[in-house]
Structures are given as structure tokens and as C-alpha cells.
């Protein structure tokens, strides 16, 4: 084997084969926990250190910012000589970087705004209202889903309308056409547009595509089974010249068809590249033997997959624990008790996760965890950046960056309330439509023209527009721009005037946002800014970049031709949007565009740091790519998991089984599967059989307890482990015992476990509004109201107010 500066000897045989295969197409089928990130980084490092590939000739695409950051960190350690010029990023970050250079070729300006999910939803709702489309008959999310599917299939609004076979699709096509018109006028793109426009740029302007094809000699794509059609086409176009394309993925973990992922991309890779080399990574470094055996047994029931079987050299470990509860509340109590038992035995809360198939299942689990005092954090709940006051600040910043952004302008024109009501806003919008200008420009014009609005509204409008303009032209640090817009807009002043605990919490959130901006200003390594062009590398004197096969800058941008040949985005009408810089002048802090891109491209999983001591709760879809020493999967019942709606569709049922495979393989040491004899859903009580996925696990790898398990009479109440209802020999604990729910019980046979009991001492304690308290899960808070035994407490850390039962909730009064 060739000498290498990289420690290739530390790899197993399959990993080594993948790392040393550096020419031509390569498909790496990486089973869960098989070290694929190690393979990706070592392969890139080997090419740079040993084969003379320049860092700027490497493009590595991942699916989350967190994965990209981890890969950059590992590559930095493997290549002390530097990785400058290497693009390690997500598809969307790559698209933003490419479009910042050449979006003008498609009729956009470089300072285009990225509309996140909330922005896009607001715009679609506004369009549906204007088009008089009933959102009850045609829900907004359904319309948006149809539009997204059309974009990802490269179908424009006209084609969608021509193909529409039902009223819902016809309505969606109308919304689609108006959505794209308004996005273009606002100089904005949604997440789908970022990818679609990148592909359009490549197809309409071959010279742009050729530039990137020549540059990126080596391309790798992680999680290839999750690519959609547009991502597949972008990858294929970029790799056409050199054909050095490595894709890494696992068809057994393809679980995102509902958002456009196409499993055929990975299954048909060898059809696209008949000369492709295929390497299977099957040795698992994450989970124990029992867990892997269960995963293998379940997924083997799928027919639409490439055969592989995970194995480990680390031993069998603990058998999988399956527990049947009486109902969903009993399930939550049992899980809470087991978590507390494990924690008491030394397992940190951070090492444990609870998964569920649907978000609706989390409510009962949360209730039981709160009663037990189990600290938890939810992935997929309301994020900090989704709170109303934070979105208001972000809308102001988007407006500072791009005053043509009508969604942001309409959001904050009367936030805080300044007397610019709906009637006045409609007049401004009508002026904008008549004169073909953005809402913000129309607002400025309405200030200058007497008679359009009342003097009071004009004065309020003048204060609003001048605040935005002042921030736009302020030349200083990013944090100061944020401070300036918060101060001049009056956001904090309005909240201070409310003098309520809720308002104080919102002020604290805004202050936290200011700290985030300050930290970004001081130390944040912006991903998109780090994706340097060859021209920037040459200017920086990076060795070798000046010799690149690059003809130089692209010719001056020309307006995109509206030839009507299936273009998704036509050129803007004459005067429909400001030209060049938009007529708005200079942009504030140079860090603001990078900051806003970082905010738009980040995800909930990227912020999952594990620094707080709490269990993690999430849907199984959100758990993809994560791992925990201890995993609980709740609701393993037919109709719930697999979901009832997928039972008649073999393809969807196979995806449900892949989802079960993902859930199982997140566990490293211990795996718990729970299900309920009866479950109350949508107001009705159902008795569903145990999930077929549990039944597919061989008995030698799973231990079943609870109602219906061997040796129990099935009274409707659970019994743990043995006939005495204990955790097992020598533990001396019970389901509701120890520190979880009060008095310990050691009932036998069919005895009913002790109910949740009120603590008389705590129940007798008096509370008044203003009292300071501390909650085991939520931390410090202030009592804002007392109604009988119910306390309303506002917690400082989250800013949220929660209702708690005195005597049950784990709270103490702080003197």
C-alpha cells in the first residue's frame, strides 16, 4: 500500500478501500454508525496530502450545518497545512454562495433576501387572501406543499396549471404564479428557489457551470439517499467534467420522501455511472450486538433495498427492553420512572433521548416528565428564533438589508403599534401596485405626498422609514446596527411600557439576540463567506489558485431572456423592481448579510448542543444523524407506527420500516420500545395491536415486560421485570417508587401500583403573586397568579408562563 501522510492504517478494510478510491464515480453504502464521516474526511485529506489535489478543488456537501462544521473541524486537524478554499457546506449554503455572484443573470440583485418557512407562509397566506382562495377549503400548508413539489420537479406555474387535474392543484398553480412574481419584485428567494435558481443558472448560462466544473475536481455528497431531484441534477451537472464523484449514503435510512427526497437517486447510482465502484461499510462502531441484530431483522423485511448487514466487535450488550403500558399516561409514567432510575444509577440526563412518531405524542410525555421532575428539552418545538419578538427584530434587519422585501415591511410597519392600521397599509400597498414600487418605497412616497394619508399616519410612517434608513446608512459594527434598529423602532420601549412579566421576558429575549449579534461580530466563522471564489483566492495569494483553469470573471450580467421555454422565473417587468442597488443606497454593516444568511440557514438540530442537563425529546425524523447511549421509542403500535395512512401503500410502508431502523440504530447501549394497550387519540380510545416492527425482532434479542408479557395476567396495570413489579433482582425500586412519584411499592401479581400522590406539606404551602420559586426543570421563576391549587409561574430562562399544580409540581419557594 502507498505511503500516506494520513493514518490510513487505523481504518478497517472497507473504509480503507473507500478512502483510497479517488478516481471515477464511487458509491459508499454506509450503514448506521459505520464511520462514514471518518471515511469522508480521511479520503479528502488523503487526496490533498498525498495526491496533490488543491484544497480549493474539493467540494464536500453535507445535509446539516452541524455536520459540515464537524467535517471542517476534522479536516482542519488532519490537514495542518490548511484547507483554505475548500467548500464544505450544505446544498443550500453552496447555492447561496453561487447565487451571490451571479443572481443578476437571472434578474435578481446580489442582496436578495432568503425567505425562511415563516416568511414564505406569510406571503402565501397574503396571496391566497388577495386571490380570494378559502384557506379552510384549501389549507395553506397543502398549497405550499404542492408548490414546493412542483419546484423540486422543475415544473413552473404555467405547466402546473396545465397539468392540474383537481381544484386544489388549480388553486395552488394560481398561488404559485403570483408567489414567484412577488418574490422577484421583493428580490427574495425561498429555500426551494435557492436550489432551483442554481440549477437554472447552470442550465441557462453554461459558462457559469463550466467555471465550477473546472474548479471542483473532487466532489463528495453525504446522505445521498436524502437528495431530491434538483439536488440530484445539480450534483450530476457539477460532476460531468471530471466524474470524480463520491456519494455516501444508506438506502435503509431514506425517510424523507414527504419533503422530496428520492430513494431512487442512490438505488440507481450504478445506472447513472455504470463504471462506479461500490463499497459497503457494515462494521458498526456505535451500537451493541442486540441492537444491531434487531435493526437488521426489521429492515430485512423491506424488498426495495441493497443487501447489507451491520455487525460489531463490541459484544451483545443489554437485550432490548419492550414494555406494554395500560395506556399512554401509564407509558409516560413508566418512561419517566426508568429515566430517573437510570439517572440515579449514574446515567446523565444528556445521554438519554425519547423518540416518538408524531409530535402529538409529546404532550402526555411532557406532562408525565413534569410531574416526575424529569428535565427535558424538545427538538422541533418553538425555537428562540421563532418567537414573535425575535422575528420582529429579524424582519427589521431584513428590511435594512433589502428594502424591497415586502413581507418584512408589512410585518413591522406597525410593530410596535404606531397608528398605521390596516386601512393605511392597504392605501400604501395600492400606491405600490400602481407605481410598481416595493412597499417600503411606497411608504416613503406617501410621507412626501400630502393628502394620501392623515398627518398623524404620515408622521408615524416618517418615523418608521427614517429608522430603517438610519440603520441602513450606519457604518459600524453589526451589533451596533442591531442595537440601533431596536432602539429607533421602539420595540423595547413599547414592551417596557406594558409593565407585565410577559413583556419583561420578551425584552430579555431581545437582549439575548443582541448578545448573539455581538458574538457573531466578534468570532463567528461565516460558512458562506468562507466559500471563496478562485478570484478571491488569487487576490489573497493562495498558492496554485492563480494557475487554475478559470477564464476569469463572468461577462457583465445581462437581463435573463424571457423566452417562455419553461422558465420558472421570468425577468421582472420594466420598473417592477429597483435596478442595480435597488435605488436604496448603501447597505449597513458588511457583516449583516452574513449574519442574516446564518440565521436563515441554521436549523433546530444545529442548535442541539447537549450543554444543558436534560433528556432530549424529538420525533424520529428529527433524530436522523444523532446518537444517544439510551433511547426510548414510544408508541410502537399498529396505526401509530407504522402510521395508519401508510398501510395500503407498500412504498410508504417500507419507508415507515426504514424509520423504525433509524430509531433503533440511534441507540448505543440501551434501547427501550414502549407501546400501550389502549391509547386516546383525537378524543377516541383505541386498542391497537403491537407494532409489526416489534414483532419482527427475534425473541433472543428482546425482553418484554408489562401488560400482556409472559407470566402476567393482563389486568390493565403494568408490572415490572418480575412478578413483584420491581425493576429486577436487588434494585428495591418500583415503577412509581423511589424519588419519582412518592411512596415505594412492592406489589405482587395483579396489585394496582400506587397512584400519583400529592405532597401534603407542599400542598399546604401558601403562594402569592410576586413570590420567587425554583422548579427542578424550568429553573427560577416568579408567581404571577394563584387560582386555588393552580399556580401560574413565569420562568426567567424561557420567558414562558406555565400552570402548575401546587403539591404535585417539583417547586420550592425561594426566600
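In our numbering, the protein residues as written are 3 to 817.
The beta carbon of each residue, even a glycine, is placed where N, CA and C say it ideally should be.
(1) Suppose you measure from the CA of residue 792 to the CA of residue 516; what does that come to, to the nearest Å?
(2) For residue 115 and residue 693, what's the separation of their Cα atoms in angstroms?
(3) Where does residue 311 fall in DSSP's three states?
(4) Could you tell me which whole alpha helix (DSSP H) segments of length 4 or greater appear in the stretch 324-396?
(5) When you compare only the Cα positions, how much space is there between residue 473 and residue 205?
(6) Spatial neighbours of residue 467 within its chain, please: CB distance less than 6 Å, with the 5 preceding and 5 following residues excluded, ordered by chain position.
(7) Entirely within the stretch 55-88 and at least 4 residues each: give me those alpha helix (DSSP H) ranges in chain order.
(8) Give me whichever residues DSSP pairs with residue 687 in a beta bridge.
(9) Can at least three beta-carbon pairs, one atom from the stretch 126-144 and one from the stretch 173-188, be found at a separation below 8 Å?
(10) Using alpha carbons as the reference points, say which of 353, 406, 364 lies closest to residue 636.
(11) Is any heavy atom of the ligand FAD found at a distance shorter than 8 Å from the C-beta of residue 325?
(12) Starting from the Cα of residue 502, find the closest Cα among 163, 815, 164, 802 and give me that residue.
(13) For residue 343, count neighbouring C-beta atoms within 10 Å of its own C-beta (all shown protein chains included) and say buried if the count is 16 or more, exposed if not.
(14) Only counting the same chain, and skipping five residues up and downstream in sequence, which positions put a Cβ closer than 7 Å to that of residue 430?
(15) When burial is assigned at 16 or more other CB atoms within 10 Å of the CB, is residue 615 buried or exposed?
(16) Within 10 angstroms of its Cβ, does residue 814 collect 16 or more other Cβ (buried), or is it exposed?
(17) Relative to the C-alpha of residue 269, which residue among 497, 325, 227 is closest?
(18) Pick out whichever of 641, 777, 29 has its Cα sitting closest to the Cα of residue 272.
(19) Around the Cβ of residue 143, are there at least 16 other Cβ atoms within 10 angstroms (buried) or fewer (exposed)?
(20) Let's test the definition: count the other Cβ atoms within 10 Å of the Cβ of residue 789 and tell me whether it reaches 16, buried, or not, exposed.
(21) Going by DSSP, name the residue or residues bridged to residue 904.
(22) How close, in whole Å, do the beta carbons of residue 632 and residue 349 come, if the pair is a contact with beta carbons under 8 Å?
(23) Based on Cα-Cα distance, which residue from 372, 259, 9, 278 lies nearest to residue 245?
(24) Do you know whose CA, among 434, 376, 463, 436, lies nearest residue 818's CA?
(25) Quick one: Cα of residue 60 to Cα of residue 347, how far?
(26) When you compare only the Cα positions, how much space is there between residue 149 and residue 164?
(27) Go ahead and pull the three-state DSSP assignment for residue 250.
(28) In the DSSP output, which residue or residues are listed as bridge partners for residue 783?
(29) Given this structure, state the Cα-to-Cα distance separating residue 412 from residue 308, to the nearest angstrom.
(30) Between the C-alpha atoms of residue 73 and residue 220, what's the straight-line distance to the nearest angstrom?
(31) Taking the Cβ atom as the reference point for each residue, do residue 352 and residue 618 lie within a distance shorter than 9 Å?
(32) What separation, rounded to the nearest whole angstrom, lies between the Cα atoms of residue 625 and residue 387?
(33) Report the residue from 504, 603, 705 whose alpha carbon sits nearest the alpha carbon of residue 787.
(34) Express the C-alpha separation of residue 513 and residue 208 in angstroms, rounding to a whole number.
(35) Given this structure, state the Cα-to-Cα distance separating residue 766 from residue 367, to the nearest angstrom.
(36) With a CB to CB cut of under 7 Å and the five nearest residues on each side skipped, what residues in its chain are close to residue 819?
Based on what the coordinates show:
(1) Taking the chain shown and counting its residues from 1, the one referred to as residue 792 is at position 790. Taking the chain shown and counting its residues from 1, the one referred to as residue 516 is at position 514. Their Cα atoms are separated by approximately 35 Å.
(2) Residue 115 sits at position 113 when you count from the first residue of the chain shown. Residue 693 sits at position 691 when you count from the first residue of the chain shown. Cα-Cα distance, rounded: 45 Å.
(3) For the purposes of this step, residue 311 is taken as residue 309 along the chain shown, with counting starting at 1. Coil, per DSSP.
(4) 330-346, 364-374
(5) In the chain shown, the residue the question calls residue 473 occupies position 471. In the chain shown, the residue the question calls residue 205 occupies position 203. Their Cα atoms are separated by approximately 38 Å.
(6) Translated into the one-based positions of the chain shown, residue 467 becomes position 465. If we look at residue 467 and ignore the five residues flanking it on each side, its Cβ neighbours are 445, 446.
(7) 67-80
(8) Along the chain shown, read from residue 1 onward, the residue named residue 687 stands at position 685. In DSSP, residue 687 forms a bridge with 682.
(9) yes
(10) In the chain shown, the residue the question calls residue 636 occupies position 634. Nearest option by C-alpha distance: 364.
(11) Within the structure as shown, the ligand FAD is missing, as the structure has no ligands at all.
(12) Here residue 502 is taken as the residue at index 500 of the chain shown, counted from 1. Among 163, 815, 164, 802, the Cα nearest to that of residue 502 is on 802.
(13) Taking the first residue of the chain shown as 1, we reach residue 343 at position 341. Classification for residue 343: buried.
(14) Numbered from its first residue, the chain shown carries residue 430 at position 428. Correct list, in chain order: 441, 444, 445, 448.
(15) Numbered from 1 along the chain shown, position 613 holds the residue referred to as residue 615. It is exposed - the Cβ of residue 615 has fewer than 16 other Cβ atoms within 10 Å.
(16) As a first step, residue 814 must be located in the chain shown, where it is residue number 812. Residue 814 should be labelled exposed.
(17) As a position in the chain shown, residue 269 is number 267, starting the count at 1. Residue 269 has its Cα closest to that of 227, out of 497, 325, 227.
(18) Along the chain shown, read from residue 1 onward, the residue named residue 272 stands at position 270. Taking only the C-alpha atoms, the option nearest residue 272 is 29.
(19) For this step, residue 143 is matched to residue 141 along the chain shown. Under this definition residue 143 is an exposed residue.
(20) Position 787 of the chain shown, counting from 1, holds the residue named residue 789. Its Cβ having fewer than 16 others within 10 Å, residue 789 is exposed.
(21) Absent from the structure is residue 904, since the part of the chain shown begins at 3 and ends at 817.
(22) Within the chain shown, residue 632 is the residue found at index 630, counting from 1. Within the chain shown, residue 349 is the residue found at index 347, counting from 1. Correct: roughly 6 Å between the Cβ atoms.
(23) Along the chain shown, read from residue 1 onward, the residue named residue 245 stands at position 243. Closest option to residue 245, Cα to Cα, is 278.
(24) An answer regarding residue 818 cannot be provided, because it is not within the stretch 3 to 817 covered by the chain.
(25) Within the chain shown, the letter at position 58 stands for residue 60. Within the chain shown, the letter at position 345 stands for residue 347. Rounded to the nearest angstrom, the two C-alpha atoms are 47 Å apart.
(26) Translated into positions along the chain shown, residue 149 becomes position 147. Translated into positions along the chain shown, residue 164 becomes position 162. C-alpha separation (whole angstroms): 14 Å.
(27) For the purposes of this step, residue 250 is taken as the residue at position 248 of the chain shown. Note: residue 250 maps to strand in three-state DSSP.
(28) Indexing the chain shown from 1 puts residue 783 at position 781. DSSP lists 775, 797 as partners of residue 783.
(29) The count along the chain shown starts at 1 and reaches residue 412 at position 410. The count along the chain shown starts at 1 and reaches residue 308 at position 306. Distance between the alpha carbons of residue 412 and residue 308 is about 51 Å.
(30) Against the chain shown, residue 73 aligns to sequence position 71. Against the chain shown, residue 220 aligns to sequence position 218. When rounded, the distance between both Cα atoms is 16 Å.
(31) Working through the chain shown from its first residue, we reach residue 352 at position 350. Working through the chain shown from its first residue, we reach residue 618 at position 616. For residue 352 and residue 618, yes; Cβs fall inside 9 Å.
(32) Taking the chain shown and counting its residues from 1, the one referred to as residue 625 is at position 623. Taking the chain shown and counting its residues from 1, the one referred to as residue 387 is at position 385. So the two alpha carbons sit approximately 20 Å from each other.
(33) Stepping through the chain shown from its first residue, residue 787 is reached at position 785. Minimum Cα distance to residue 787 is reached at 504.
(34) Position 206 of the chain shown, counting from 1, holds the residue named residue 208. Position 511 of the chain shown, counting from 1, holds the residue named residue 513. Roughly 47 Å separates the two Cα atoms.
(35) As a first step, residue 766 is located in the chain shown; it is residue number 764 there, counting from the start. As a first step, residue 367 is located in the chain shown; it is residue number 365 there, counting from the start. Answer to the nearest angstrom: the Cα atoms are 27 Å apart.
(36) Residue 819 is absent from the model: the chain starts at 3 and stops at 817.
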